[in-house]
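Following: one structure in structure tokens, then a few remarks.
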Amino acid sequence: GGGGRINAPAIIREYNASGKQMRIEGSCQSSCTTLLAIKNVCIEPSAQLKFHAALFPNERHMKPPPARQARMLAAYNSKLRNYLVSGGYVSGFEFHTISGRDMIAKFGYRACK
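If you read the sequence shown in this note's numbering, its first letter stands for residue 5, the second for the next number, and so on.
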């Protein structure tokens, strides 16, 4: 998805409660990437995930609010979270793209079958 306010917490709760599979395919940017917190998530190798700080477009010149940034980072597994933070990829509003193939091979997310 194109990101923005997608009510990710409600989507994550719904999928985790039901056990339904969430497929990440195509372009998944911004808020969409927090859907990685779904227990039964899989990623298409051809997907492109685009990460940035927990900021909205009108906040692009601000520092990310600490509580919102922490909630966003908690959606990612530790390997991905460490990579994004140590590389400075979630410190500003610029997108950092990671391919689905790399999400699977480098960060341990499950490939969709």
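Ideal placement from N, C-alpha and C gives every residue a C-beta, glycine not left out.
A quick note: this is a predicted structure, and the numbers were derived from the prediction, not measured.
- Nearest-angstrom Cα distance between Glu-48 and Ala-109? For this step, residue 48 is matched to residue 44 along the sequence shown. For this step, residue 109 is matched to residue 105 along the sequence shown. Rounded to the nearest angstrom, the two C-alpha atoms are 12 Å apart.
- Identify which residue in Ser-90, Met-107, Glu-63 has its Cα closest to the Cα of Thr-37. Translated into positions along the sequence shown, residue 37 becomes position 33. Residue Met-107 is the option with its Cα nearest to Thr-37.
- Query: Where Arg-9 and Glu-63 are concerned, what is the direct C-alpha to C-alpha distance, given to the nearest angstrom?
  - Reply: As a first step, residue 9 must be located in the sequence shown, where it is residue number 5. As a first step, residue 63 must be located in the sequence shown, where it is residue number 59. Whole-angstrom Cα-Cα distance: 14 Å.
- Query: Looking at C-alpha atoms only, which residue of Met-26, Leu-39, Pro-13 is the closest neighbour of Asn-81?
  - Reply: As a first step, residue 81 is located in the sequence shown; it is residue number 77 there, counting from the start. The residue from Met-26, Leu-39, Pro-13 with its alpha-carbon nearest to that of Asn-81 is Leu-39.
- Go through its chain and collect everything with a Cβ distance to Pro-61's Cβ below 8 Å, but skip five positions before and after it. Start at 1 with the first residue of the sequence shown, and residue 61 comes out as number 57. Closer than 8 Å at the Cβ level, and outside the excluded window around Pro-61, lie Phe-97.
- Whole angstroms is fine: what's the gap from Ala-79's alpha carbon to Lys-117's? Taking the first residue of the sequence shown as 1, we reach residue 79 at position 75. Taking the first residue of the sequence shown as 1, we reach residue 117 at position 113. Their backbone Cα atoms lie some 22 Å apart in a straight line.
- Message: Taking DSSP's pairing of strands, which residues face Ala-14 in a bridge?
- Response: To locate residue 14, count along the sequence shown from 1; it is residue 10. Within the DSSP secondary-structure output, Ala-14 pairs in no beta bridge.
- Inter-residue Cα distance where the pair is Met-66 and Glu-29: As a first step, residue 66 must be located in the sequence shown, where it is residue number 62. As a first step, residue 29 must be located in the sequence shown, where it is residue number 25. The straight-line gap from Cα to Cα measures roughly 30 Å.
- Query: Where are the alpha helix (DSSP H) runs, 4 residues long or more, that stay fully inside the stretch 24-69, in chain order?
  - Reply: Look at the stretch 24-69 and you find no whole run of alpha helix (DSSP H) that is 4 residues long or longer.
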